[in-house]
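Note that our numbering has the sequence shown beginning at -13, numbered continuously upward.
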Amino acid sequence: EGELVDHNGAISKHTKDLEALTKKLSEQQDDIARRAVAEDLASLMQRVEDMSASILETTNKSDFAALKVLCVEKHKCIAKVETDLESLIAAQTATSAQISNKIAEHRQAV
């Protein structure tokens, strides 16, 4: 009977040790899970930040390219206006010269 009591005591001690180890294992698993979630969240946030930076960079490049096209178009428009003005001035100068000649001819005739 004495040996039986010793076995019961040993079993009880092992059971308590096993319960303590199970509790510690559960706490460690919870801690690992929390850290994994935190790392996943940090990784996700980093990916979102990287994607945002990439989108912004692409948008900026696209905006810059569009702005460049607008500047080229603006310069073409300015060049066309300058050409049109030069043509208009040349036409007005020629017309003015013709009018001056007609006036001179008219004076000589009178």
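Built from N, CA and C at the ideal position, the CB exists for glycine as well.
Distance between residue j and residue i (C-alpha atoms, nearest Å)
i   : j   : result
D17 : L4  : 20 Å
S86 : T45 : 60 Å
A22 : K2  : 30 Å
A52 : E68 : 24 Å
K62 : A39 : 34 Å
E13 : A19 : 10 Å
S73 : I64 : 14 Å
E43 : M31 : 18 Å
C57 : F50 : 10 Å
T8  : Q15 : 10 Å
Three-state secondary structure assigned by DSSP to residue i
i   : result
V67 : helix
V96 : coil
Close-in-space but distant-in-sequence residues of the same chain around residue i (CB under 8 Å, 5 per side omitted)
i   : result
S29 : none
K60 : none
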